[in-house]
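Here's the structure, in structure tokens; my notes come after.
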Amino acid sequence: MVNKSTPKIIDRIILGVDPGTNVMGYGLIAVKGTQLTLIQFGVIHLSKYADHAIKLSKIFERISLLIEEYHPDEMAIEAPFFGANVQSMLKLGRAQGVAIAAAISKEVPIFEYAPKKVKQSVTGSGNASKEQVAAMLSKLLAFQEIPKLLDATDALGVAVCHYFQKGDVKKSKGGWNAFIKENPDKVKSPIATVAAKKVSKKKTSE
Numbered sequence: 005m006v007n008k009s010t011p012k013i014i015d016r017i018i019l020g021v022d023p024g025t026n027v028m029g030y031g032l033i034a035v036k037g038t039q040l041t042l043i044q045f046g047v048i049h050l051s052k053y054a055d056h057a058i059k060l061s062k063i064f065e066r067i068s069l070l071i072e073e074y075h076p077d078e079m080a081i082e083a084p085f086f087g088a089n090v091q092s093m094l095k096l097g098r099a100q101g102v103a104i105a106a107a108i109s110k111e112v113p114i115f116e117y118a119p120k121k122v123k124q125s126v127t128g129s130g131n132a133s134k135e136q137v138a139a140m141l142s143k144l145l146a147f148q149e150i151p152k153l154l155d156a157t158d159a160l161g162v163a164v165c166h167y168f169q170k171g172d173v174k175k176s177k178g179g180w181n182a183f184i185k186e187n188p189d190k191v192k193s194p195i196a197t198v199a200a201k202k203v204s205k206k207k208t209s210e
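Here it is as structure tokens:
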């Protein structure tokens, strides 16, 4: 868990949530212009509760407390991934719904993003692994220690995805690729280098 000082003057705070019935990730970032600052990220442990109804109650309680403590202007949440296990998907959908209900009760606007959309926004690939997402976020948000439970970085990824989709980055010119080209000092990795070169090559050929 990381807790960095929040800038004194900010445009808004985004709460990202990665729904889960055993572990739920959360992450908060502060936005000031095109600058992102990590405020806090971590997980809510739910596996110790056998009763599903109690898990839902704890989700509502913890998300509500996060909103009360950090006063986010918006909440971005990852949409459930639909798999073969119907019962698991139903439970995951309920967990997401309760987190959304907590935000609604605090009058916080809610935005939903598919898992592939989040990965695409953060790494440039919709098929990126959780580890790749975490590595890219550690560069972008300048934190060194990647948590053991990547639900936390997944939640940060949702918040960052929302930041890009809201127009803070010029979507018409490539979104994430444009951000990399205009802010090379913020992201230094093989993925970022390749993306920046592609954008530069494309503009030269136009």
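Under the numbering used here, read the sequence shown as residues 5 to 210, first letter to last.
Glycine included, C-beta positions come from ideal geometry on N, C-alpha and C.
Predicted, not measured: the structure shown is a model, and the values here were computed from it.
- Query: What residue range is occupied by the uninterrupted alpha helix (DSSP H) comprising leucine 69?
  - Reply: As a working note, residue 69 is residue 65 in the sequence shown. From DSSP, the alpha helix (DSSP H) with leucine 69 extends over 56 to 74.
- Query: With 16 as the cutoff for other CB atoms within 10 Å, does glycine 24 come out buried or exposed?
  - Reply: On the sequence shown, residue 24 is found 20 positions in, with the first residue counted as 1. Burial call: buried.
- Item | Expected contact under 8 Å - CB spacing of glycine 20 and alanine 80 to nearest Å | In the sequence shown, residue 20 corresponds to position 16, counting from 1. In the sequence shown, residue 80 corresponds to position 76, counting from 1. Correct: roughly 5 Å between the Cβ atoms.
- Query: Counting along the chain, where does the beta strand (DSSP E) carrying glutamine 39 start and finish?
  - Reply: Start at 1 with the first residue of the sequence shown, and residue 39 comes out as number 35. 39 to 49 is the span of the beta strand (DSSP E), which, as asked, contains glutamine 39.
- Query: Count the other CB atoms within 10 Å of the CB of isoleucine 33; is the residue buried (16 or more) or exposed (fewer)?
  - Reply: Sequence index remark: in the sequence shown, residue 33 carries index 29 (1-based). Flag for isoleucine 33 reads buried.
- Quick one: is glycine 37 buried, meaning 16 or more other Cβ sit within 10 Å of its Cβ, or exposed? Locating residue 37 in the sequence shown gives position 33, counting from the first residue. Glycine 37 is exposed by the Cβ-count criterion.
- Item | Own chain, CB closer than 7 Å to lysine 120, minus 5 neighbours either side, in chain order | Counted from its first residue, the sequence shown places residue 120 at position 116. Hits under 7 Å: Gly130.
- Query: Under a Cβ-count criterion, where at least 16 other Cβ atoms within 10 Å of its own Cβ denotes burial, should phenylalanine 168 be classed as buried or exposed?
  - Reply: The sequence position of residue 168 within the sequence shown is 164, counting from 1. So phenylalanine 168 counts as buried.
- Please report the Cβ distance between isoleucine 17 and proline 76, rounded to the nearest whole angstrom; I am assuming they are in contact, meaning their Cβ atoms lie under 8 Å. Numbered from 1 along the sequence shown, position 13 holds the residue referred to as residue 17. Numbered from 1 along the sequence shown, position 72 holds the residue referred to as residue 76. About 4 Å; that satisfies the 8 Å criterion.
- Message: As a quick exercise: from Leu69, Ala118, Gln136, pick the residue whose alpha carbon is nearest that of alanine 107.
- Response: As a working mapping, residue 107 is identified with position 103 in the sequence shown. The candidate whose alpha carbon is nearest that of alanine 107 is Leu69.
- Beta-ladder partner(s) of methionine 79, from DSSP: Working through the sequence shown from its first residue, we reach residue 79 at position 75. Methionine 79 is bridged to Leu19, Ile114.
- Query: If you draw a straight line from the alpha carbon of tyrosine 74 to that of valine 35, how long is it in whole angstroms?
  - Reply: Here residue 74 refers to the residue found at position 70 when the sequence shown is read from its first residue. Here residue 35 refers to the residue found at position 31 when the sequence shown is read from its first residue. So the two alpha carbons sit approximately 13 Å from each other.
- Task: Write down the C-beta distance between valine 126 and leucine 141 rounded to the nearest angstrom, noting that I regard them as a contact closer than 8 Å.
- Result: As a working mapping, residue 126 is identified with position 122 in the sequence shown. As a working mapping, residue 141 is identified with position 137 in the sequence shown. Contact between valine 126 and leucine 141 is confirmed by a C-beta separation of about 6 Å, below the 8 Å threshold.
- In whole angstroms, what is the alpha-carbon distance linking serine 247 and lysine 52? The displayed coordinates of the chain run from 5 to 210. Any statement about residue 247 would go beyond what the structure contains.
- Given a cut-off of 8 Å, decide if valine 112 and cysteine 165 are closer than it, judged by their beta-carbon atoms. The residue given as residue 165 occupies position 161 in the sequence shown. The residue given as residue 112 occupies position 108 in the sequence shown. Not in contact: cysteine 165 and valine 112 (Cβ atoms no closer than 8 Å).
- Query: Just how far apart, CA to CA, sit glycine 161 and leucine 50?
  - Reply: As a first step, residue 161 is located in the sequence shown; it is residue number 157 there, counting from the start. As a first step, residue 50 is located in the sequence shown; it is residue number 46 there, counting from the start. If you take the alpha carbons of glycine 161 and leucine 50, they lie about 21 Å apart.
- Item | Residue of Ile48, Ile14, Thr41 minimising C-alpha distance to tyrosine 30 | The sequence position of residue 30 within the sequence shown is 26, counting from 1. Of the candidates Ile48, Ile14, Thr41, the one whose C-alpha sits nearest the C-alpha of tyrosine 30 is Ile48.
- Item | valine 90 versus isoleucine 63: straight-line alpha-carbon distance, rounded | Here residue 90 corresponds to residue number 86 of the sequence shown, with the count starting at 1. Here residue 63 corresponds to residue number 59 of the sequence shown, with the count starting at 1. Near 21 Å, if we compare the C-alpha coordinates of isoleucine 63 and valine 90.
- Task: May I have the straight-line CA-CA distance separating phenylalanine 45 from lysine 143, to the nearest angstrom?
- Result: Within the sequence shown, the letter at position 41 stands for residue 45. Within the sequence shown, the letter at position 139 stands for residue 143. Distance between the alpha carbons of phenylalanine 45 and lysine 143 is about 15 Å.
- Task: Keeping to the same chain, check which residues put their C-beta closer than 7 Å to that of valine 137; ignore five residues upstream and five downstream.
- Result: Locating residue 137 in the sequence shown gives position 133, counting from the first residue. So the list reads Lys123, Val126, Thr127, Thr157, Asp158, Gly161, once near-sequence residues are dropped.
- Query: Is the beta carbon of valine 27 less than 8 Å from the beta carbon of leucine 60?
  - Reply: As a first step, residue 27 is located in the sequence shown; it is residue number 23 there, counting from the start. As a first step, residue 60 is located in the sequence shown; it is residue number 56 there, counting from the start. No, Cβ-Cβ distance for valine 27 and leucine 60 is not below 8 Å.
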